[in-house]
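A.B. asks: In the UniProt record's numbering, the protein residues as written are 1 to 610.
(1) Assign residue 456 to one of two classes, buried (16 or more other C-beta atoms within 10 Å of its C-beta) or exposed (fewer than that).
(2) Given residue 608, which residues of its chain have a CB within under 7 Å of its CB, disregarding the five upstream and five downstream residues?
(3) Taking all protein chains shown into account, do 16 or more other C-beta atoms lie within 10 angstroms of the C-beta of residue 251, making it buried, or fewer, making it exposed?
(4) Could you tell me which of 408, 88 and 460 sits nearest to residue 150, measuring between CA atoms?
(5) How far does the beta strand (DSSP E) with residue 406 in it extend, from its first residue to its last?
(6) Could you check what DSSP says for residue 116 in three-state terms: helix, strand or coil?
(7) Around the C-beta of residue 593, are 16 or more other C-beta atoms found within 10 angstroms, so that it is buried, or is it exposed?
(8) Answer with buried or exposed for residue 34, where buried requires no fewer than 16 other C-beta atoms within 10 angstroms of its C-beta.
(9) Going by Cα to Cα distance, which pick from 327, 249, 301 and 316 is closest to residue 291?
(10) Would you grab the beta carbon distance between residue 380 and residue 409 for me? Rounded to a whole angstrom, and I think it's under 8 Å.
(11) For the alpha helix (DSSP H) that contains residue 535, what are its first and last residues?
(12) Out of 131, 129 and 100, point me to the one whose CA is closest to residue 141's CA.
(13) Taking the DSSP output, what are the residues bridged to residue 602?
(14) Could you check the C-alpha separation between residue 176 and residue 169 for me, to the nearest Å?
(15) Using only the alpha-carbon positions, how far apart do residue 52 and residue 137 sit?
(16) Taking three-plus beta-carbon pairs below 8 Å as touching, is the stretch 19–34 in contact with the stretch 58–67?
(17) Could you have a look at residue 596 and say whether DSSP puts it in helix, strand or coil?
(18) Which class does residue 14 belong to by DSSP, given the choice of helix, strand or coil?
(19) Return no unless some Cβ of chain B is closer than 7 Å to the Cβ of residue 596.
(20) Below 8 Å on the Cβ atoms is my contact criterion, and I expect residue 351 with residue 424 to pass it. Report the Cβ-Cβ distance as a whole number of Å.
(21) By the 10 Å Cβ neighbour count, where 16 or more other Cβ atoms means buried, how is residue 73 classified, buried or exposed?
(22) Are three or more beta carbon pairs between the stretch 123–134 and the stretch 77–86 nearer than 8 Å?
(23) Ignoring anything shorter than 4 residues or poking outside the stretch 531–591, list the alpha helix (DSSP H) runs there in chain order.
(24) Whose C-beta lies closer than 7 Å to the C-beta of residue 76 among residues of the same chain, with five residues either side of it excluded?
(25) Could you tell me whether the stretch 178–187 touches the stretch 54–62, where touching means 3 or more Cβ pairs closer than 8 Å?
(26) Within a Cβ cutoff of 6 Å, which residues of the same chain sit near residue 530, ignoring the five residues on either side of it in sequence?
(27) Nearest to residue 526 by CA position, among 605, 576, 473 and 460, is which residue?
(28) In its own chain, which residues sit with a C-beta less than 6 Å from the C-beta of residue 27, not counting the 5 before and 5 after it?
(29) Determine the burial state of residue 238: buried for a count of at least 16 other Cβ atoms within 10 Å of its Cβ, exposed for fewer.
(30) Please identify the residue among 289, 307 and 406 whose C-alpha is closest to the C-alpha of residue 421.
(31) Note the first and the last residue of the continuous beta strand (DSSP E) segment covering residue 424.
(32) Report the CB separation of residue 378 from residue 436 in whole angstroms; it is logged as a contact under 8 Å.
(33) If you measure between the beta carbons of residue 446 and residue 413, is that distance less than 7 Å?
(34) Between which two residues does the alpha helix (DSSP H) harbouring residue 233 extend?
(35) Classify residue 474 as helix, strand or coil using the three-state DSSP reduction.
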């Protein structure tokens, strides 16, 4: 269905308006939060957390990466107006968090295939890894590079500043990206784990109690210098289990920022420890532990809630199925009576159809038997093969069904020997008829004196193609033709590789893929036909075969393969062609065992007489 042009324009206009509004909101949030953070007393140890980094990533995940220019605008304005940086420096400073947020968001979307990183534990872990070791590292390195190049810091403290920058940005992303995402995302986020709708009377009291415990514990732990830091985890986990993502992300942010702000104003347990060890690492570890643990529990609770709902749905479906089964059982007797009468009528019809089918099968079996007999009749006879002066040749063909689709022939005309072998796709009557047509076409061309390999194969292809079109048949075949004259074999056409075992035992494999094209696929193949020549010395053996040999399977689904075929031929290459043929066929039968034969088996062995 085509969308009217007017509607398309309205959709595009609406997208641009949404994009503009969202980007301005991102810019405002980035600028405002940056200004607030920079108003805090700045410790010589640096800032433990940089919230704008998390706002940037959370906004892109919630509203789309097209809002990235809002990050650039907010960061540039912060550098220019708040930090009083030169205009060019402010522009460069705007690019750094933009690139970092885009990198983190792109990695998250690539690995999670979704922007929702709070729906599965694996998605949250990928979010944490992508942000911590992706975009935040990049923006820390770029940002430190810019301030170092501007002369604001010396190069000898580059890595120390980059480390502090990275840790602060990473904490900011892990803390504020989930908060922004769940409060601003268009899609539904994790809901409270309860089967009932939210009500202030029942759930509000529980929430008030949880928040009260969190506030009191935060006071005694963070402000009151009591070593109770990890007593903050129980109320946070309580929130994760009971109150959903929006409240939980707020409580985690509140706890972490109280710790960070109290440290900035030089009071509380974390300030004391940071002063003693001259590092903010203890505060940052505390923030990392509480937010990672709480959010992991939040996601686990969501997974369990989702699984519980799915289980409940399955139970409901099962109850419905049992109800339907009861209804069916009540009417079963009536249904059985109706079905019995229908079955009696169907049985009479089946009996009549079976009689017709038996007659039809007898007719088809007769036709297949005639076709198979014709196939055998046109195969080269031993008497004909024995009249060839310089070559000993034997063949073997065993169809997988009543009528096979393999072809081989050996023809003589005016001292020239033409050997052919091919494989029609599929089995059955059609394949057998095509094989007979192929033999007729080749013999006719040979009798009419056609010797050019390109014209010979092209004419055969055209004849088969036209007949296949009349038959409305989509089959094709591989075919290789070999002319022997004056101790040289001339090969043309595409089929299985030709195996040559020299009298010395040396092995040569002739790949025929580049010598032709499948017969019957198209009406013209002249440009694909090429010829190659092989000198045949006394005692040299040449073996032709179809894929029914190399692709024969045993009981373990292992293929017979060309390597085993070559090995068997090599062992008996000094024997007669009859013995070589029998050795190969015997080895194939032993390999297949009792397994089903899926394809026709055809083998031609020729040897230069000594």
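For each residue, glycine too, the CB sits at the ideal point set by N, CA and C.
C.D. replies: Quick answer:
(1) Burial call: buried.
(2) Contacts found: 390, 391, 536, 537, 538, 539 and 540.
(3) buried
(4) 88
(5) 406–413
(6) coil
(7) exposed
(8) buried
(9) 249
(10) The pair is a contact, with the Cβ atoms about 6 Å apart (cut-off 8 Å).
(11) Looking at the DSSP string, residue 535 is not in any alpha helix (DSSP H); the run it does join, the beta strand (DSSP E), is 531–535.
(12) 100
(13) 397
(14) 10 Å
(15) 15 Å
(16) yes
(17) coil
(18) helix
(19) The structure shown has no chain B; it contains just one protein chain.
(20) Rounded, the Cβ-Cβ distance is 38 Å, inconsistent with contact.
(21) buried
(22) no
(23) 547–550 and 561–572
(24) Non-local C-beta neighbours of residue 76 in its own chain, meaning closer than 7 Å and more than five positions away in sequence, comprise 90, 91, 93 and 94, ordered along the chain.
(25) Counting Cβ pairs under 8 Å, three or more are found: they touch.
(26) 515
(27) 460
(28) 70, 73 and 74
(29) buried
(30) The residue with the shortest Cα to Cα distance from residue 421 is 406.
(31) 416–424
(32) Confirmed, Cβ separation roughly 7 Å.
(33) Yes; because the gap between Cβ atoms is below 7 Å, this pair is in contact.
(34) First-last of the alpha helix (DSSP H) with residue 233: 233–242.
(35) coil
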